[in-house]
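The next block holds one structure in the form of structure tokens; read it before the comments.
Residue numbers (full-length UniProt numbering): 1 to 372.
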């Protein structure tokens, strides 16, 4: 139950990160006069100021990042810098509707690609949720869209590269649960340095106006700071398929914020798009809210261990491992591996106490090997 509650909590934090990302499009409109790499460098500087608070709350050390292999540094820093630089560069020039469509392929990559990860399985409700979310985004984009996808094809290709980068980064991060989310603070600092070095090499410095500086501070703290912390935590401990489908909520909220700040009109089409997007996210997260069906009667594991480890009740211990007894847990693979590890430890204890001629311990050992 605790594992399930933790999985739901992590998924909700990841979803909160998606909501924070929705503010990125509106905030970037205040930085269009600033070169992309300069914007990324300054925003990551502000994002790194969150690090001391994260280290304090999680009781972690900033040095943990330096214990990570070079491949983790290259993946994280490279993805953070390249993704944001591509997005900020392209969104200033690409047709907005087509750019949003390409960004909408990231959730599709995450959900479909997650089936290739260890311990993950693509279910029918994941696919339906993704299709519903994509339909909602397409409806949102097609409403009032007049530009051709061919226009600005170079900038659209940059957006496509960014979407692929973020999808790949999300999938690989899921496969690296041993890298704590608190290590992102040091990655932010290095990302700021790398971005600023790229800015000096390829761009000219533009003095930010007060409004642009405030927008870059907000970018760093919210969509590029807290959002990535939450997203990383949710990816590693939550439901990656549900989070991938929920990512479709971002363009919906972003469109609402853009309409609000630009004094636009929220028409009925936005409502129908939102219904599809939110419905798809709910469908894809069905594994979080539905109780799994369990076959047979599963006793509480401590009770089973008590029966088996009781040296005076060896016949009860033998009965636990007989085929068809339904006393061995029949849950997921992780639960089964944990149970087998505990039982093997019990067998080792028996081996020290039993008479070598009794044959009881070998019987149980053979049963465990058959179960595994």
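Backbone N, C-alpha and C fix where the C-beta goes; we use that ideal spot for every residue, glycine too.
Since the model is a prediction, treat every value here as computed from it, not as a measurement.
From this set, the options, which residue's C-alpha is nearest residue i's C-alpha?
i	options	result
residue 216	127, 34, 199	34
residue 398	157, 44, 237, 85	In the structure displayed, the chain extends from 1 to 372; residue 398 sits before or after that span and is not available.
residue 242	200, 62, 282	282
residue 42	225, 257, 232	225
residue 248	276, 271, 237, 235	276
residue 190	25, 65, 52	65
residue 37	131, 194, 24	194
residue 47	228, 244, 240, 237	228
residue 278	182, 134, 85	134
residue 179	49, 16, 53, 61	61
residue 24	49, 113, 251	251
residue 32	57, 88, 59	88
residue 13	158, 239, 260, 280	239
residue 53	237, 260, 221	221
Buried or exposed: residue i, going by 16 or more other Cβ atoms within 10 Å of its Cβ?
i	result
residue 253	buried
residue 124	exposed
residue 177	exposed
residue 29	exposed
residue 208	buried
residue 121	exposed
residue 20	buried
residue 235	buried
residue 70	exposed
residue 284	buried
residue 323	At residue 323 the pLDDT is 45, less than 50, meaning the model places this residue with poor confidence; the figure from the coordinates comes in the next sentence. Classification for residue 323: exposed.
residue 197	exposed
Would you kindly report the start and end of the unbroken alpha helix (DSSP H) that includes residue i?
i	result
residue 232	227 to 237
residue 44	36 to 48
residue 24	24 to 28
residue 186	184 to 202
residue 77	70 to 91
residue 52	51 to 58
residue 213	210 to 221
residue 246	240 to 246
Expressed to the nearest angstrom, what Euclidean distance is found between the alpha-carbon atoms of residue i and residue j?
i	j	result
residue 230	residue 192	20 angstroms
residue 118	residue 210	48 angstroms
residue 55	residue 269	43 angstroms
residue 7	residue 223	23 angstroms
residue 4	residue 139	35 angstroms
residue 77	residue 219	17 angstroms
residue 175	residue 212	37 angstroms
residue 202	residue 90	16 angstroms
residue 22	residue 257	8 angstroms
residue 166	residue 173	10 angstroms
residue 67	residue 106	30 angstroms
residue 110	residue 163	10 angstroms
residue 233	residue 39	25 angstroms
residue 18	residue 205	31 angstroms
residue 154	residue 11	35 angstroms
residue 273	residue 136	4 angstroms
residue 92	residue 127	33 angstroms
residue 74	residue 129	33 angstroms
residue 186	residue 63	8 angstroms
residue 16	residue 59	22 angstroms
residue 245	residue 199	34 angstroms
residue 295	residue 113	Low per-residue confidence applies at residue 295: pLDDT is 48, beneath 50, and the placement is therefore not dependable, though the value from the model is reported in the following sentence. Whole-angstrom Cα-Cα distance: 30 angstroms.
residue 271	residue 26	20 angstroms
residue 182	residue 280	31 angstroms
residue 159	residue 169	15 angstroms
residue 86	residue 161	8 angstroms
residue 81	residue 188	9 angstroms
residue 9	residue 286	15 angstroms
residue 150	residue 260	With a pLDDT of only 46 at residue 150, under 50, the local geometry of the prediction cannot be trusted, and the value read off the model is given with reservation. Using only the alpha carbons, I get a separation of about 29 angstroms.
residue 49	residue 214	15 angstroms
residue 72	residue 132	34 angstroms
residue 57	residue 237	18 angstroms
residue 79	residue 157	17 angstroms
residue 297	residue 171	Confidence at residue 297 is low in this model, with a pLDDT of 42, below 50, so the placement of that residue should be treated as unreliable; the coordinate-derived value is given next. Each residue's Cα considered, the two are about 36 angstroms apart.
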